[in-house]
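Here the protein sequences come in this chain order: A, B and C. Take 261 as the starting number for the first sequence in this note's numbering and just add one per residue. Take 2 as the starting number for the second sequence in this note's numbering and just add one per residue. Take 154 as the starting number for the third sequence in this note's numbering and just add one per residue. First up is the structure itself, then whatever we jot down about it.
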Amino acid sequence: MADVQLKNIKKNYGDVEVLHGIELDIKHGEFVVLVGASGCGKSTLLRLIAGLEDISSGELSIADRVVNNLPPAKRGIAMVFQSYALYPHMSVFKNMSYGLKIAGKSKADIREKVEEAARILHIDHLLDRLPRELSGGQRQRVAIGRAIVRDPNVFLFDEPLSNLDAALRVKTRVEISKLHQELGATIIYVTHDQVEAMTLGDKIVVMNEGRVEQCGSPLELYQHPKTQFVAGFIGSPKMNFMDGRVSAINSEYLDIKLSNGTITQAHVESADLAIGDSVTIGIRPEHMQEGTDAEMVLEGQVTLVEQLGEASFVYMQLDDGAEIIVRASGESTTTIGERIKVCFSPVSAHVFSQSGQAMRRLKAGNVKSHAELARLKAVGAG
Amino acid sequence: MTTSNHKAPFPWHILFFLAPGLLIYVSISVYPLLDTLWLGFFEEDESGQRFFSGLKNYQTLLFDAVWSEPFWNALWNNTKFFIVHMLVQNPIGLMLAVLLSSPRLQWSNSYRTLIFMPTMLSVVIIGFVWQLLLSPIWGISENFLYDIGLGEYFDAWLGNEGTALTTLSLISVWQFVGIPMMLIYASLLNIPDELIDASVVDGSSAWQTFWNIKLPLILPTIGMVSILTFVANFNAFELIYAVKGALAGPNFSTDIMGTLFYRTFFGFQLQSGSITMGAAVATLMFLIILIGVAIYLFLVQRRMQRFQL
Amino acid sequence: MLNQMTIPQKLSIKHGSGKKVMMHGVLMIYTFIALFPIFVIIINAFKTRKAIFKDPLALPTPDTFSMVGFEQVLLRSEFELFFANSMVVTLLSLFFVLLLGAMVAFALTEYKFRGNLFIAILFAMGIMIPIRLGTVSILNLMSNLNLVNTLTALVLVYIAQGLPLAVYILSEFIRQIPKELKEAARCDNVSEYKIFFTIVLPLIRPALATVAVFTMIPIWNDLWFPLILAPGEGNQTITLGVQQFIGQYVTDWNSVLAALTLAIVPVLVLYLIFSRQLIRGLTSGAVK
Chain A
261 MADVQLKNIK
271 KNYGDVEVLH
281 GIELDIKHGE
291 FVVLVGASGC
301 GKSTLLRLIA
311 GLEDISSGEL
321 SIADRVVNNL
331 PPAKRGIAMV
341 FQSYALYPHM
351 SVFKNMSYGL
361 KIAGKSKADI
371 REKVEEAARI
381 LHIDHLLDRL
391 PRELSGGQRQ
401 RVAIGRAIVR
411 DPNVFLFDEP
421 LSNLDAALRV
431 KTRVEISKLH
441 QELGATIIYV
451 THDQVEAMTL
461 GDKIVVMNEG
471 RVEQCGSPLE
481 LYQHPKTQFV
491 AGFIGSPKMN
501 FMDGRVSAIN
511 SEYLDIKLSN
521 GTITQAHVES
531 ADLAIGDSVT
541 IGIRPEHMQE
551 GTDAEMVLEG
561 QVTLVEQLGE
571 ASFVYMQLDD
581 GAEIIVRASG
591 ESTTTIGERI
601 KVCFSPVSAH
611 VFSQSGQAMR
621 RLKAGNVKSH
631 AELARLKAVG
641 AG
Chain B
2 MTTSNHKAPF
12 PWHILFFLAP
22 GLLIYVSISV
32 YPLLDTLWLG
42 FFEEDESGQR
52 FFSGLKNYQT
62 LLFDAVWSEP
72 FWNALWNNTK
82 FFIVHMLVQN
92 PIGLMLAVLL
102 SSPRLQWSNS
112 YRTLIFMPTM
122 LSVVIIGFVW
132 QLLLSPIWGI
142 SENFLYDIGL
152 GEYFDAWLGN
162 EGTALTTLSL
172 ISVWQFVGIP
182 MMLIYASLLN
192 IPDELIDASV
202 VDGSSAWQTF
212 WNIKLPLILP
222 TIGMVSILTF
232 VANFNAFELI
242 YAVKGALAGP
252 NFSTDIMGTL
262 FYRTFFGFQL
272 QSGSITMGAA
282 VATLMFLIIL
292 IGVAIYLFLV
302 QRRMQRFQL
Chain C
154 MLNQMTIPQK
164 LSIKHGSGKK
174 VMMHGVLMIY
184 TFIALFPIFV
194 IIINAFKTRK
204 AIFKDPLALP
214 TPDTFSMVGF
224 EQVLLRSEFE
234 LFFANSMVVT
244 LLSLFFVLLL
254 GAMVAFALTE
264 YKFRGNLFIA
274 ILFAMGIMIP
284 IRLGTVSILN
294 LMSNLNLVNT
304 LTALVLVYIA
314 QGLPLAVYIL
324 SEFIRQIPKE
334 LKEAARCDNV
344 SEYKIFFTIV
354 LPLIRPALAT
364 VAVFTMIPIW
374 NDLWFPLILA
384 PGEGNQTITL
394 GVQQFIGQYV
404 TDWNSVLAAL
414 TLAIVPVLVL
424 YLIFSRQLIR
434 GLTSGAVK
C-alpha cells in the first residue's frame with residue numbers, strides 16, 4: 261500500500277530551519293493538498309518527498325519503506341512541475357519515455373506504456389511534436405503523461421495549474437480530479453490557491469512558516485479552523501475579524517464585548533478563557549446578512565459594493581474603524597455611503613485567543629433561524 | 002487619416018541619430034575593407050605607380066613557390082592553432098563551466114573571477130610572461146618539472162621548431178579559456194532547475210543528465226563559441242609577434258596568417274613591404290573568415306535550434 | 154529494514170562529499186594554473202637580480218627586496234606617458250562608442266525608414282569581420298588625412314571597431330523598453346532628441362556598462378593598430394610601450410619584470426573592482 265508517512269521531518273539550510281518537524285500520514289489513494297502562502301515551506305516539503313532535497317532529520321516512508329536516502333527514481337514517485345519542465349529538445353514521445361529508457365525498459369514496453377498514457381490523456385496525436393509546438397494545456401497533459409508512464413505509487417504535483425489561464429485552469433482542475441479517480445493513485449498536490457485546494461483535496465494540509473497549521477477535510481477546515489491563520493486562509497472573501505474582550509462566560513456561549521461597545525455572543529467552548537481576556541471574533545462574510553433578522557447586529561457605513569449577480573459583497577466600516585465584508589443577496593440595493601445594519605447568528609461566530617488558537621465551536625455551519633438555534637442549544641445542553 | 006496627402010517633414014532626427022556613427026563606421030571600417038579587397042587586384046611598380054593586374058597577386062600567392070610556401074605554411078599553422086583551441090580550450094572551458102554551475106557550490110564566484118583573470122590582460126603581456134616562465138635561462142618550468150619528477154621532459158619548447166607552435170597555442174588557450182567558460186556557464190544557468198529536477202526524478206544520473214539534457218541545450222552556445230574561436234584564431238597576431246617577432250621563428254614554424262599579413266604589408270629583412278600584396282593576403286584572410294562564418298550560419302546554426310527554455 | 158537503509162545512507166553521504174571535494178580540487182588546480190604565472194612575475198619584480206635567479210618562487214624578503222626594476226623602467230622609458238596615452242585613447246573611444254552606438258541603435262530600432270535593414274546588417278557583419286583586415290587602406294586613409302602617428306587615428310579606428318557590437322547589444326536592450334514610455338512622451342510633445350537623451354539613455358545604463366567593458370578591454374590591450382598607426386615618439390600606448398621596452402632591454406630581467414608588473418597590476422585592480430559587473434554582463438545573455 262502506498263501510504264506516505266512523515267515523521268518529525270525537519271529541513272534546514274545551514275542554520276536556518278525551514279521545516280519544523282512535519283508530521284503527516286497519507287493513506288493510499290488519498291488526494292492530499294498542501295496549501296499555504298508562498299514561502300511557507302510547502303514546495304520544500306514536496307521536494308523532500310520527491311527526493312530532490314535531502315531531509316535534515318526525521319523519517320519519510322513511502323509504502324512502508326523508509327526512503328530518506330533513496331534517489332527520487334527509486335522512491336516510486338512521479339512529479340509534475342510547475343513549469344511542466346518538458347525537455348525542449350525532445351518530442352512528446354521521447355519526453356514521456358525518457359525515464360523508462362533510463363530504467364532500461366524494452367522498446368516494446370516503452371511504446372506500449374507511452375501510448376496507453378497518451379490515450380488516457382488524449383494526446384496520442386501529439387507524440388511526434390516538440391513541446392514548443394504545443395499549447396499550454398497540451399504541455400500540461402504531456403507533463404502528467406510523463407508521470408503516469410512511470411506507474412508511480414505517489415504522484416507529486418507542484419502548482420501545476422499556475423501557468424494556465426483562468427478558464428483552462430478550471431477545466432484542468434476537473435480533469436485532474438477525474439484522473440485521480442481513474443488511476444486511484446495517491447496524489448500530493450501543492451498550491452497556494454485555496455479554491456484549488458478545497459475543490460481537489462480529500463485532505464488539505466494548511467502550512468504556515470514551516471509548520472502544519474491544520475490538516476483535515478475541506479469542510480473540517482472551513483467549519484472548524486483550529487487557528488486564526490487557517491480561518492483567514494480558507495474561504496473567500498476572507499473571514500472578518502473583530503477585536504473584543506470576553507465579558508461573560510456561560511456554559512454554551514461566551515459574551516464578547518467588541519471594541520465598539522456591542523456585546524455579541526459566540527457559541528464556542530470557553531476552554532481556558534477568563535473574563536476580560538482579549539479575543540478576536542471571526543465571522544465569514546457569507547454568514548452575515550443585511551438587516552436585523554439574526555441576533556447579533558452591527559452597524560456601519562458602506563464603503564464599497566461589488567455586485568457579482570448571484571451575490572453582492574458589501575464592504576463596510578464599523579464605527580470603531582473595523583472593516584468587514586458582508587455577502588449580501590444579489591438583489592441588494594445598498595449603495596456606497598449608506599449607513600446600514602448587518603447581522604449574524606452567534607452560532608456562526610469563531611473565537612480566537614490572543615495566540616490565534618480557535619475555541620472549539622459547539623456547532624458548525626451557518627445557522628440563522630431561531631428554530632435551528634433552539635435545536636442547537638438543546639443538542640449542546642444534551 | 003484624411004490629411005495623409007500632407008508630405009511628412011524630412012526626418013532630420015533619424016539622420017541626427019544615425020549619421021555620426023554610420024559615417025565613422027563606413028569610412029573607417031567598411032570602406033577600408035572594400036578598398037582592401039579592391040587593392041588586391043593591383044600591382045605597384047618601383048616608382049609606386051599602381052596598375053590593375055587582375056588576379057595576378059593571388060596567382061603569385063597561391064602558386065609561385067616563393068610566396069605560396071609561406072602562405073600554405075601559415076595557413077596550415079593557423080589551422081593547427083585553431084585545432085588546439087578547439088580540442089583543448091573549449092573542452093576545458095566546458096568542464097569548468099559545468100563544475101561552476103553545479104548547484105550550491107561554495108566559492109563559485111571566486112573561482113569564476115580568478116579563472117577569468119588572464120583573459121583580461123593583453124596578449125602581448127601574456128606572451129612575455131610565458132616567455133620568461135618557459136625560458137631555460139630562468140629555469141622556473143624546468144625546476145618545477147624536476148620537482149614533480151618530469152624533469153627529463155623539459156625542453157626549450159618555445160625555441161624548438163617542433164614544439165613552438167603547440168606551446169604558443171597552449172599559452173593562448175591558457176589565456177582565453179575564460180571566454181568559453183563564461184559563455185557556456187551562462188547558458189547552463191539558463192537551463193531551468195526544474196528541467197534538471199525532472200530528469201533526476203526520471204532516474205538519470207548526473208552524467209546522463211549532462212549528456213541527454215544539458216549538452217543538447219547548450220549546443221548552440223558551443224557552436225557560437227566555436228565560431229568566435231575561429232574568427233579570433235585566424236585573426237591572431239599579437240602573441241606570435243610578441244614572443245617570436247614578425248619572423249615567427251624558429252624557421253617560420255609559428256607563422257600564422259596575421260604575421261604573414263604583417264610581413265607582407267610592412268616587409269621584413271631584405272624584402273620590402275607591398276601594399277597590394279598585403280591587401281591580397283588580407284583578402285584571403287577575409288575569405289577564410291567568411292567561409293567559416295558562412296559554414297556556421299548556414300550549416301551549424303540552422304541545424305541547432307535554439308530551444309525556448 | 155532500518156538496518157538495510159542505514160548502509161546506503163552512509164555511502165551516499167560519503168559519495169556526495171567526495172564528489173564535492175573532487176570538484177573543488179579540479180577548480181582549485183585550475184585557479185592555481187590561471188594565477189600562478191602572473192603571481193610569479195609580480196613577486197619577482199620586487200627582488201634583486203640575484204634572488205630572481207636563485208629562488209624564483211620565493212616571496213621577496215627584506216634581504217632580497219629591490220625596486221631597481223621599477224626605477225629603471227621609469228627612468229629609461231616614458232611609462233607615465235604611455236599610460237596616459239592609453240587612458241586618453243581608451244576613454245575617448247569608449248565615450249564615442251557608447252554615445253554613437255546608442256544613437257545608431259535607437260535609430261535602427263525606433264524608426265522605420267528605407268535602408269534600415271541594410272544598415273542593421275552592415276553593422277552586424279562588423280561583429281564577425283575583424284576591422285584589422287582593412288589595415289592596408291586604413292593606413293592609406295590616415296596618411297591622406299595626415300593623422301599617422303596621432304592618437305586621433307587610434308581613437309577613430311577604435312570607434313569603428315567598437316560600434317558593431319555596441320549597436321547590437323544596445324539594440325537588444327532598447328527593444329525591451331516599453332513602447333508606452335516613448336508614446337506617452339510623444340503625446341506630451343517631447344522631441345525625439347529629448348526622448349533619446351532623457352528617457353532611453355538612462356534606461357539602458359546597465360547595458361551601457363556591459364558594452365563599456367567589452368569595448369574597453371580590446372582597446373586597452375591592442376597592439377596591432379598602435380604598432381601600425383602610432384608607433385613612435387611619445388604616442389605609444391602602454392601595450393606597445395611595454396613591447397618596445399622589453400624588446401630593447403630583454404636581458405635586464407629586473408626591468409622586464411617590472412615593466413610587465415606595471416602593465417598587469419592596474420588592469421587587475423580595475424578587473425577586481427568591476428568583475429561583478431563584467432561577469433554579470435557576460436552571463437546576462439546580452440551576447441548570444
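Backbone N, C-alpha and C fix where the C-beta goes; we use that ideal spot for every residue, glycine too. Being a predicted model, the structure only gives us computed values, none of them experimental.
| Item | Value |
| --- | --- |
| Beta carbon of Leu189(B) nearer than 8 angstroms to that of Ala98(B) | yes |
| Meets three-Cβ-pair contact criterion under 8 angstroms: the region 308-323 of chain C and the region 270-286 of chain C | yes |
| 8 angstroms Cβ cut-off: residues of chain B touching Gly254(C) | Gly22 |
| The region 195-217 of chain B: positions lying closer than 9 angstroms to chain A by Cβ | Glu195, Leu196, Ile197, Asp198, Ala199, Ser200, Val201, Val202, Asp203, Gly204, Ser205, Ser206, Gln209, Asn213, Ile214 and Pro217 |
| Cβ-based burial, Gln474(A) [other Cβ within 10 Å; buried from 16] | buried |
| Residue-chain proximity (Gly279(C), chain B), Cβ-Cβ < 8 angstroms | yes |
| Interface flag, Pro221(B) vs chain A, CB-CB below 8 angstroms | no |
| Minimum C-alpha distance to Gln90(B) - residue among Trp175(B), Thr80(B), Val301(B) and Phe43(B) | Trp175(B) |
| Buried versus exposed, by CB contacts within 10 Å (16 or more), Arg544(A) | buried |
| Under 7 angstroms from the C-beta of Ala310(A): neighbouring residues of chain B | Val202 |
| Below-8 angstroms beta-carbon distance, Thr436(C) vs any chain B residue | yes |
| 6 angstroms CB neighbourhood of Ser316(A) in its chain, flanking five on each side removed | Lys270, Lys271 and Asn272 |
| Ile126(B) to Met220(C) span [Cα, whole Å] | 20 angstroms |
| Rounded separation between Arg433(C) and Ser173(B) - CA only | 24 angstroms |
| Stretch pair the region 249-264 of chain C + the region 12-26 of chain B: three plus CB contacts closer than 8 angstroms | yes |
| Unbroken alpha helix (DSSP H) run spanning Glu239(B), endpoints | Glu239 to Lys245 |
| Contacts around Arg635(A), its chain only, beta-carbon distance under 7 angstroms, and the 5 residues preceding and following it disregarded | At Arg635(A) the pLDDT is 48, less than 50, meaning the model places this residue with poor confidence; the figure from the coordinates comes in the next sentence. The answer is none, since no qualifying residue turns up. |
| Where Leu266(A) falls, given that 16 or more other Cβ within 10 Å makes a residue buried | buried |
| Residues that Trp158(B) contacts on chain C, provided the C-beta gap is smaller than 7 angstroms | Per Cβ cutoff of 7 angstroms: no residues; Trp158(B) is ~15 angstroms from chain C at best. |
| 6 angstroms CB neighbourhood of Arg307(A) in its chain, flanking five on each side removed | Glu313 |
| Interfacial residues, the region 441-470 of chain A to chain B, with Cβ spacing under 8 angstroms | none |
| Neighbour flag for Asn236(B) against chain C, beta carbons, 8 angstroms | yes |
| C-beta neighbour in chain A for Pro193(B), strict 8 angstroms | yes |
| Three-state secondary structure assigned by DSSP to Ala403(A) | helix |
| Beta-ladder partner(s) of Cys603(A), from DSSP | Gln549(A) and Val557(A) |
| Under 8 angstroms between C-beta atoms of Asp210(A) and Asn500(A) | For chain A, the structure presents residues 261 to 642; residue 210(A) sits outside this window and is missing. |
| Proximity test, Cβ basis, 8 angstroms: Gln444(C) and chain B | Nothing can be reported for residue 444(C): it is not among the residues displayed for chain C, which extend from 154 to 441. |
| Segment contact flag, the region 602-622 of chain A with the region 484-494 of chain A, C-beta cutoff 8 angstroms, min 3 pairs | yes |
| Cα-Cα separation, Ala383(C) to Met240(C) | 15 angstroms |
| Straight-line gap, Asp216(C) to Leu234(C) (C-alpha atoms, nearest Å) | 32 angstroms |
| Residues of its chain near Thr61(B), where Cβ-Cβ distance is below 6 angstroms and the 5 sequence neighbours each way are ignored | Trp68 |
| Opening and closing residue of the beta strand (DSSP E) in which Lys271(A) lies | Val264 to Tyr273 |
| Limits of the unbroken alpha helix (DSSP H) element including Asn500(A) | No alpha helix (DSSP H) holds Asn500(A); the beta strand (DSSP E) holding it covers Asn500 to Ile509. |
| Below-8 angstroms beta-carbon distance, Gly224(B) vs any chain A residue | no |
| Distance cut-off 7 angstroms: Ile192(B) Cβ against heavy atoms of the ligand COA | Of ligands this structure carries none, so the ligand COA is not represented either. |
| Interface flag, Ala383(C) vs chain B, CB-CB below 8 angstroms | no |
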